[in-house]
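Below: one structure, written as structure tokens.
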Amino acid sequence: MTAPEAAARSRGADPGDDAPVLQAVGLKKHFPVRGLRSHDVVHAVDDVDLELHRGRVVALVGESGSGKSTIARLLAQLMPVTGGQILLHGQDATVRNRRGFRAYVRRVQMIFQDPFGSLNPVHTVRYTLTRSVRIHQGKLRGAELEDALSALLTRVQLTPVERYVDKFPHELSGGQRQRVAIARALSADPEVLLADEPISMLDVSIRLGILNLLRDLRDRLQIAILYITHDIASARYFADRTMVMYAGRVVESGDSESVTQDPKHPYTQLLVRSAPDPEDLDARARGARGEAPSLVRPPAGCRFNPRCPFATDVCRTEVPPLLPVGDGRLAACWGYADRPDRPTLGSVLEVYGERPAVDEQLLAAVEGTSTEVQR
Amino acid sequence: MSVSTFPGTGRGVIPTVADPVLEIRNLSVEYGYDENPTKVLRDVSLTLNRGEVLGLAGESGCGKSTLAYAATRLLPPPGLITGGEVVFRGRDGVEQDILTLSDKDLRASRWQDMAIVFQGAMNSLNPVHRIGRQIVDALQAHVPGISRRDADDRAAHLLELVGISADRVRSYPHQLSGGMRQRVMIAMALALEPQVLIMDEPTTALDVVMQRQIVEQIAELRDRLGFSVIFITHDVSLLIEIADRIAIMYAGEIVEEAHAHDVYRRPRHPYSDGLLHSFPPLRGPRRELTGIPGSPPDLARLPVGCPFRDRCAFAFDACATVSPRLTAPAVPGDTPGRSVACLRHDPAAVTAAGFTPQPVPDRLSL
Ligand SMILES: Nc1ncnc2c1ncn2[C@@H]1O[C@H](COP(=O)(O)OP(=O)(O)OP(=O)(O)O)[C@@H](O)[C@H]1O
Ligand SMILES: Nc1ncnc2c1ncn2[C@@H]1O[C@H](COP(=O)(O)OP(=O)(O)OP(=O)(O)O)[C@@H](O)[C@H]1O
Ligand code: SF4
Ligand SMILES: [Mg+2]
Ligand SMILES: [Mg+2]
Chain A
1 MTAPEAAARS RGADPGDDAP VLQAVGLKKH FPVRGLRSHD VVHAVDDVDL
51 ELHRGRVVAL VGESGSGKST IARLLAQLMP VTGGQILLHG QDATVRNRRG
101 FRAYVRRVQM IFQDPFGSLN PVHTVRYTLT RSVRIHQGKL RGAELEDALS
151 ALLTRVQLTP VERYVDKFPH ELSGGQRQRV AIARALSADP EVLLADEPIS
201 MLDVSIRLGI LNLLRDLRDR LQIAILYITH DIASARYFAD RTMVMYAGRV
251 VESGDSESVT QDPKHPYTQL LVRSAPDPED LDARARGARG EAPSLVRPPA
301 GCRFNPRCPF ATDVCRTEVP PLLPVGDGRL AACWGYADRP DRPTLGSVLE
351 VYGERPAVDE QLLAAVEGTS TEVQR
Chain B
1 MSVSTFPGTG RGVIPTVADP VLEIRNLSVE YGYDENPTKV LRDVSLTLNR
51 GEVLGLAGES GCGKSTLAYA ATRLLPPPGL ITGGEVVFRG RDGVEQDILT
101 LSDKDLRASR WQDMAIVFQG AMNSLNPVHR IGRQIVDALQ AHVPGISRRD
151 ADDRAAHLLE LVGISADRVR SYPHQLSGGM RQRVMIAMAL ALEPQVLIMD
201 EPTTALDVVM QRQIVEQIAE LRDRLGFSVI FITHDVSLLI EIADRIAIMY
251 AGEIVEEAHA HDVYRRPRHP YSDGLLHSFP PLRGPRRELT GIPGSPPDLA
301 RLPVGCPFRD RCAFAFDACA TVSPRLTAPA VPGDTPGRSV ACLRHDPAAV
351 TAAGFTPQPV PDRLSL
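For the protein sequence lines, the chains are A and B, in the order given.
Note that UniProt numbering numbers the first sequence so that position 145 is 145, with each residue one more than the last.
Note that UniProt numbering numbers the second sequence so that position 269 is 269, with each residue one more than the last.
Rendered as structure tokens:
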């Protein structure tokens, strides 16, 4: 969707559209590390603001280990926040007991990253879905229950239903399991869907089906969706807005088309240019290595600075705030600040393109300790 | 497009004389004990050459993981290998059919030189042990007599290779993100110094920067240590970049096999063509995506004829009766060595069954 279309939609018929359904303010999560120094923490999420609106999709993309699943788990209230607030329709949403949690889960559903772990191996598809249908839709029986089950399985394209409904998870392929997990979340008829990599196990044709399905839920049921993915192209197609995470912080946000077509933050540029695209094997950021940042002792200043080819002193000392970089767009990079000591940004592609593709020293070390190098 | 410049994939090093390390011949697998088992693999043949990256792609449920399990003899019940051979050829040239060895001989054989990163492997780490310790244990089991210090060093290097910083070596699996656990599994497989490395959807939880970094490092290691990789994924665009050859599976059969850039530029099977045109482009104008209409057939009730025919834009009368076999494409001057299972490319089989052959459509004969 283009930016004007998106704007037109947010100005849509329902005046309540502009108030976020679910909102996070200054979200923070630090995990204690039991180890050498007991006061160490993993800075998994820091200072994240996020808004989910009715009938809109926000994509969360970024580094592996940058805190995306943690954000989803915090929003689902599966664990307590270290700092910040979660608001549902503007009200503090912190659940304090089991009853509160159950009521919250009915409105905010999560699809987990990993369908291998999230389905109970000893239960059939029928059992898993019946259970959640009964929790969320009341005590259905007989034909009514069968109808509800087959409606769910049909929605996720596990048809003909008889082929799948009595299977155990181990009898299903990875993609089939993921669709069962999605069906289970849909049974709650939620207002908010937190979808943690719902399609990463799926092949292109089913991906399209699932994305169209989610799009349909968004449009018809006006569900607010958080869509976590590594597939940037699908964020472009499916999400109204895209947020990019790096090492626990949001480094860029904006409408999806602009973020994917004209990325502003050096990390986003690296990410977009690294995506496989057989049409254009040359325009690729190669050799984009770099130590994954330690989240126990994150780099001071901009967390991307050790890998950033443009970093200057200010980047190594001060945390860049999210700065405006265009219509509704933000990027946390000093290159966009209005100050004399700001770094001069260039093309990530050119800079990385000149570096060797692999880390010679590290490979040599791995090879060197290898015991039976045969040729 | 200058494919050969992609670093590390070593497209230039594909041996001109085939040097197979693993040969899968007519492998068939069924699931189920009853009289109506699901035939998940039917007569699959596939050759992996030394030092090459072979990509295996196809829709969810088509049998990719089953093939990986069966070829490593790790197929869990009720999976049953009902036919075929899996021949492993060691560096000494000695061939062994993995499927017929006794358990004892199997353990003594070079079969040990195969390592597999399972799909969903992020859950197969031991939850009560730190990740560094798990790799050290694997190393000590694999390399008798390795000192604890050497094992520690090597474990740290391997983790660094997959982008996990040294201060996380003492983490427990649940303290890592999905992608980090996936990377630990890759490091663990590399620790075994396999000759054949099978990776089943190893990078689904990784961002593209990390994915590229790991794939490049593995390709480089492959060149240096001379192992071979079977890379299973549904991400055809990734495969085109990293694989030397690609095999496309559909409903338990291989329907096309060719060099990666041939599959991409000149697909011969209507299904390959559909797969290639259903992923959304990241760059360029946005276009509506069609995907492949319909869904794969029920493997328990496979119809006769071509399993793809209900979804195929080029199906004709013979497709409902004649089962296509892998043959050379009926495209004059085509790259030698590629094969496709489609009746449009097999006029002889069509004629033999009493039907009139149909020409190869333009888009399948580029
Ligand atoms: N229970 C925990 N204890 C300690 N650290 C944790 C815990 N859970 C997550 N972390 C750490 O928090 C960071 C963020 O993890 P998270 O799972 O949110 O990443 P992610 O962005 O979802 O990554 P991926 O794309 O790989 O799934 C990681 O460094 C992870 O190791
Ligand atoms: N234990 C089992 N019993 C019965 N059927 C099974 C069993 N395991 C797998 N299958 C079926 O075999 C088919 C092939 O499964 P497999 O896991 O090999 O698919 P795949 O190609 O790896 O798919 P994905 O891309 O989704 O991982 C699927 O249709 C699946 O439902
Ligand atoms: S220029 Fe500085 S602030 Fe911008 S990404 Fe690079 S290191 Fe971070
Ligand atoms: Mg995650
Ligand atoms: Mg699989």
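Ideal placement from N, C-alpha and C gives every residue a C-beta, glycine not left out.
Treat the numbers as computed from the prediction; the structure is a model and nothing was measured.
Rounded to whole angstroms, what's the CA-CA distance from Val259 of chain A to Pro266 of chain A? Just pull it up for me.
Computed Cα separation, rounded: 12 Å.
Is Lys39 of chain B near ligand 2, in the sense that its beta carbon is under 7 Å from a heavy atom of that ligand?
no
Ordered along the chain, which non-local residues of its own chain (more than five positions away) have a Cβ less than 8 Å from that of residue 370 of chain B?
Because residue 370 of chain B is not part of the residues shown, which for chain B are 1 to 366, the question remains open.
Can you grab the Cα-Cα spacing for the pair Pro80 of chain A / Met110 of chain A, in whole Å?
16 Å
Just the C-alpha distance for Ala285 of chain A and Leu276 of chain B, rounded to the nearest angstrom, thanks.
In this predicted model, Ala285 of chain A has a pLDDT of only 47, less than 50, meaning its place in the structure is not dependable; the value taken from the coordinates is given anyway. Roughly 23 Å between the two C-alpha positions.
Could you tell me the alpha carbon to alpha carbon distance between Gly26 of chain A and Asp49 of chain A, rounded to whole angstroms?
5 Å
Along chain B, which residues have their Cβ under 8 Å away from the Cβ of Ile232 of chain A?
Val208 and Leu282
Near-chain B residues of the segment 96–121 of chain A (beta-carbon distance less than 7 Å), N- to C-terminal order
Gln113, Asp114, Phe116 and Gly117
Near ligand 4, which residues have their beta-carbon closer than 7 Å to a heavy atom?
A:Lys68, A:Ser69, A:Gln113, A:Asp196, A:Glu197, A:Ile228, B:Ser177, B:Gly178, B:Gly179 and B:Ala205
Going by the beta-carbon positions, is the gap between Arg184 of chain A and Ser132 of chain A smaller than 8 Å?
yes
Start and end residues, alpha helix (DSSP H) containing Phe88 of chain B:
Careful: Phe88 of chain B lies outside any alpha helix (DSSP H), inside the beta strand (DSSP E) at Gly79 to Arg89.
Would you please state the rounded distance, in angstroms, between the beta carbons of Pro329 of chain B and Val340 of chain B? I believe it to be under 8 Å.
5 Å
Any non-hydrogen atom of ligand 2 closer than 7 Å to Ser102 of chain B Cβ:
no
Beta carbons nearer than 9 Å to chain B: which residues of the segment 70–96 of chain A have them?
Thr70
With three or more beta-carbon pairs closer than 8 Å as the criterion, would you say the segment 217–228 of chain A touches the segment 247–254 of chain A?
The segment 217–228 of chain A is not in contact with the segment 247–254 of chain A.
Return the residues of the segment 292–312 of chain A that lie within a Cβ-Cβ distance of less than 8 Å from chain B, sorted by chain order.
Ala292, Pro293, Ser294, Val296 and Arg297
Taking only beta-carbon atoms, is Thr124 of chain A less than 8 Å away from chain B?
no
I'd like to know if Asp317 of chain B contacts chain A, where contact means its C-beta is closer than 8 Å to some C-beta of that chain.
no
Please confirm if the segment 138–149 of chain B is in contact with the segment 229–249 of chain B, defined as three or more CB-CB distances below 8 Å between the two stretches.
Contact fails: fewer than three Cβ-Cβ distances are below 8 Å.
With a floor of 4 residues, list each alpha helix (DSSP H) that falls wholly inside the segment 118–150 of chain A, ordered by position along the chain.
125–137
From the DSSP output, in three-state form, read off Gly287 of chain A for me.
Low confidence applies to Gly287 of chain A: its pLDDT is 49, below 50, so where it sits in the model is not reliable, and the reading given next is rough at best. Reduced to three states, the DSSP call for Gly287 of chain A is coil.
Please report how far the alpha carbon of Ser90 of chain A lies from the alpha carbon of Ala76 of chain A, in whole angstroms.
Note on residue identity: the sequence assigns Gly, not Ser, to residue 90 of chain A. Looking at the two C-alpha atoms, the distance is approximately 16 Å.
Interface positions of the segment 233–246 of chain B facing chain A (Cβ-Cβ less than 8 Å), listed along the chain:
His234, Asp235, Val236, Ser237, Leu238, Ile240 and Glu241
What residue from A:Glu197, A:Val21 and A:Ile223 has the CA that sits closest to Asp92 of chain A's CA?
For Asp92 of chain A, the nearest C-alpha among the options comes from A:Val21.
Just the Cα atoms here: how many angstroms apart are Tyr271 of chain B and Leu80 of chain B?
28 Å
Would you say Ala275 of chain A faces chain B, with C-beta separation under 8 Å as the test?
Closer than 8 Å to some Cβ of chain B, the Cβ of Ala275 of chain A qualifies, so yes.
May I ask you to list, following chain order, the residues of the segment 170–199 of chain A that have a beta carbon less than 9 Å from some beta carbon of chain B?
His170, Glu171, Leu172, Ser173, Gly174, Gly175, Gln176, Arg177, Gln178, Arg179, Asp196 and Glu197
Indicate, with yes or no, if ligand 1 has a heavy atom lying under 7 Å from the CB of Gln178 of chain A.
no
Selection of the segment 215–239 of chain A by Cβ proximity to chain B, strictly under 7 Å
His230, Ile232, Ala233, Ser234, Arg236 and Tyr237
Can you find the residues in the same chain that come closer than 6 Å, C-beta to C-beta, to Thr70 of chain A, ignoring five residues on each side of it along the sequence?
When the five nearest sequence neighbours on each side are left out, the beta carbons in the same chain lying within less than 6 Å of the beta carbon of Thr70 of chain A are those of Lys29, Ala44 and Val45, in order along the chain.
Near-chain A residues of the segment 117–128 of chain B (beta-carbon distance less than 8 Å), N- to C-terminal order
Taking 8 Å as the Cβ-Cβ cut-off against chain A, the residues of the segment 117–128 of chain B that qualify are Gln119, Gly120, Met122 and Asn123.
Can you find the residues in the same chain that come closer than 6 Å, C-beta to C-beta, to Val350 of chain B, ignoring five residues on each side of it along the sequence?
Ala318, Leu343 and Pro357
8 Å contact criterion, which Arg316 of chain A and Ala300 of chain A should meet: CB distance rounded
6 Å
Taking DSSP's pairing of strands, which residues face Ala247 of chain B in a bridge?
Note: Ala247 of chain B sits in a beta bridge opposite B:Leu56 and B:Glu257.
Extent of the continuous beta strand (DSSP E) to which Asp47 of chain A belongs
Val41 to Leu52
Span of the beta strand (DSSP E) around Glu252 of chain A
Looking at the DSSP string, the run of the beta strand (DSSP E) that includes Glu252 of chain A is Arg249 to Asp255.
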